[in-house]
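In the numbering used here, the protein residues as written are 18 to 119. Report on the following structure.
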């Protein structure tokens, strides 16, 4: 019984991952890569300046949140679905961290 639940849970995750890649990813790969590159460049730039600010200051807060509307606008302009947001969020967070360490 326990093994069956574990298998069902694994199949559920496998179905979610499969659904993620089925959602027109192959036809929109160039758009996703372009917006990811935009998020990468913006967040490296702002992460670099954020690293020089005192933590939790106004500028620190501003440098974290300023690139977000630009990436959101690019996603909305290219008519991408909301399911691509985790990709852009991951790229943004990683590049903020890398930019702060430069």
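Note that beta-carbon positions come from the ideal geometry of N, C-alpha and C, so glycine has one too. Just so it is clear, the structure is predicted and the values come from calculations on it, not from any experiment.
What's the gap between the Cα of residue i and the Cα of residue j?
| i | j | result |
| --- | --- | --- |
| residue 89 | residue 45 | 16 angstroms |
| residue 97 | residue 104 | 12 angstroms |
| residue 77 | residue 47 | 32 angstroms |
| residue 50 | residue 79 | 25 angstroms |
| residue 115 | residue 92 | 23 angstroms |
| residue 74 | residue 102 | 27 angstroms |
So residue i is in the alpha helix (DSSP H); what residue range does that whole segment cover?
| i | result |
| --- | --- |
| residue 99 | Run containing residue 99: none; DSSP gives neither H nor E here. |
If you reduce the DSSP assignment to three classes, tell me which class residue i lands in.
| i | result |
| --- | --- |
| residue 113 | helix |
| residue 107 | helix |
| residue 76 | helix |
| residue 55 | helix |
| residue 68 | coil |
| residue 119 | coil |
| residue 83 | coil |
Label residue i either buried or exposed according to how many other C-beta atoms from any shown protein chain fall within 10 Å of its C-beta, with 16 as the threshold for buried.
| i | result |
| --- | --- |
| residue 52 | buried |
| residue 109 | buried |
| residue 87 | exposed |
| residue 71 | exposed |
| residue 67 | buried |
Which residue from the options puts its Cα closest to that of residue i?
| i | options | result |
| --- | --- | --- |
| residue 83 | 62, 115, 100, 72 | 62 |
| residue 118 | 54, 49, 65, 57 | 65 |
| residue 107 | 85, 95, 94 | 85 |
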